[in-house]
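In what follows, a single structure is set out as structure tokens and then discussed.
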Amino acid sequence: MSFKEKIVQNGFPTPLGWGLIASAIIASLIGIITSIIVFVKVFKIKKQFNKAQEERAAKAIMDIKGSELGTKDEFINKAFSTNIDESDMLHIVKSVYLNYAKNVLLDGLNLENLYLTLKTMTLANVEITHRAINSKIWNEAALNFSDKITEKPCFIASDDKQYNLIVSVNDNSSNTEIFNKLYPKLSFGGLLMVIQNPNIKSDLKDLKRDLKIRNIRFEASKNKALFLYVVKSETEA
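Sequence positions in the sequence shown follow this note's numbering and run 529 to 765.
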């Protein structure tokens, strides 16, 4: 008798066949349950990590500002539209405090909203590349909100200056190109944050491999958007 005949006779499973079916179902259930347990554990760990991050951010804000963070001024979103999610915007603000960053550089496109948010919600010296500000849009907003926007953007003045924190948003260059351009501008221990988009994240895997080979600390994780974080080693030659 063949194996097939042992498990199926007259179109119906034999006792052995039913046993194999039951075993397959049990194995599938065990796999599903295991996946759920792992997911729940990862979720709990991430939740605990996020809570710890929030506590550290709150402490850093009190240390630097002497008060709670407060909320973003409503006029900023009226003055400048943005494609950056508000939760990501707040994440960047808190990163300034978490890294005790005194000098911050913004690079990318259409960053008027983010620039003004950091200028009003942090005490850092925030500079921005010329291409990241649309001068026509900025000047129109300055006229419409003349009591709020009283200063011109602080553009990057020197290619040799180094920063504690650099944020790249809305840049359609590859991750490798962004890294090669901005990483040298970091001070030792400084942090580069690159918000990923469909145009650049295709080479993220390649850059992560290169960073690992070079022993450069990095992490890619999601807030609302996917962020790449790269730290400049204090011992790097």
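All residues carry an ideal CB built from backbone N, CA and C; glycine is no exception.
For residue j and residue i, the rounded distance between their alpha carbons
i      : j      : result
Met649 : Ile656 : 16 angstroms
Leu651 : Lys593 : 7 angstroms
Val624 : Lys600 : 15 angstroms
Phe571 : Arg737 : Here Phe571 scores only 45 on pLDDT, less than 50, and its place in the model should not be relied on; the value that follows carries that caveat. Taking the straight line from one Cα to the other gives about 26 angstroms.
Asn605 : Lys587 : 27 angstroms
Leu597 : Asp613 : 18 angstroms
Gly636 : Ser595 : 31 angstroms
Asn653 : Ser730 : 33 angstroms
Asn708 : Ser749 : 21 angstroms
Phe746 : Ser551 : 44 angstroms
Leu642 : Lys664 : 17 angstroms
Lys713 : Asn667 : 29 angstroms
Lys752 : Asn672 : 31 angstroms
Ile677 : Leu739 : 40 angstroms
Asp734 : Ile706 : 13 angstroms
Lys630 : Ile553 : 59 angstroms
Glu602 : Val695 : 23 angstroms
Met617 : Asn627 : 16 angstroms
Ile744 : Ser761 : 7 angstroms
Leu719 : Tyr691 : 9 angstroms
Option in the options with minimal Cα separation from residue i
i      : options                           : result
Leu732 : Phe603, Ser556 and Ser702         : Ser702
Ile661 : Asp699, Glu614 and Ile620         : Asp699
Val759 : Lys752, Arg742 and Pro726         : Arg742
Pro726 : Lys630, Asn641 and Phe755         : Phe755
Gln581 : Ala670, Lys622, Leu710 and Asn611 : Lys622
Leu471 : Leu626, Thr610 and Ala629         : Outside the shown range of the chain, which is 529 to 765, sits residue 471, and nothing can be said about it.
Ile620 : Phe683, Ile723 and Arg659         : Ile723
Lys647 : His658, Arg659, Ala607 and Val632 : Val632
Ala607 : Leu618, Met617, Phe716 and Ala670 : Ala670
Leu639 : Ser674, Asp675, Pro681 and Ile589 : Pro681
Ile728 : Glu583, Ser686, Leu634 and Thr704 : Thr704
Helix, strand or coil at residue i [DSSP, three-state]
i      : result
Glu582 : helix
Tyr770 : In the structure as shown, the chain begins at 529 and stops at 765. Residue 770 is therefore absent and cannot be evaluated.
Asn692 : strand
Asn653 : strand
Ala748 : strand
Phe755 : strand
Gly598 : coil
Asn703 : helix
Ile728 : coil
Ser609 : coil
Arg742 : coil
Those residues which DSSP pairs with residue i across a bridge
i      : result
Gln716 : What sits at residue 716 in the sequence shown is Phe, not Gln. DSSP lists no partner for Phe716.
Ser721 : Note that residue 721 corresponds to Met in the displayed sequence, not to Ser. Answer is Val695 and Tyr757.
In chain order, which continuous runs of the alpha helix (DSSP H) of length 4 or greater are located wholly inside the segment 613-688? Taking 4 residues as the minimum length, the alpha helix (DSSP H) runs contained wholly in the segment 613-688 are 614-626, 640-649 and 663-672, in order along the chain.
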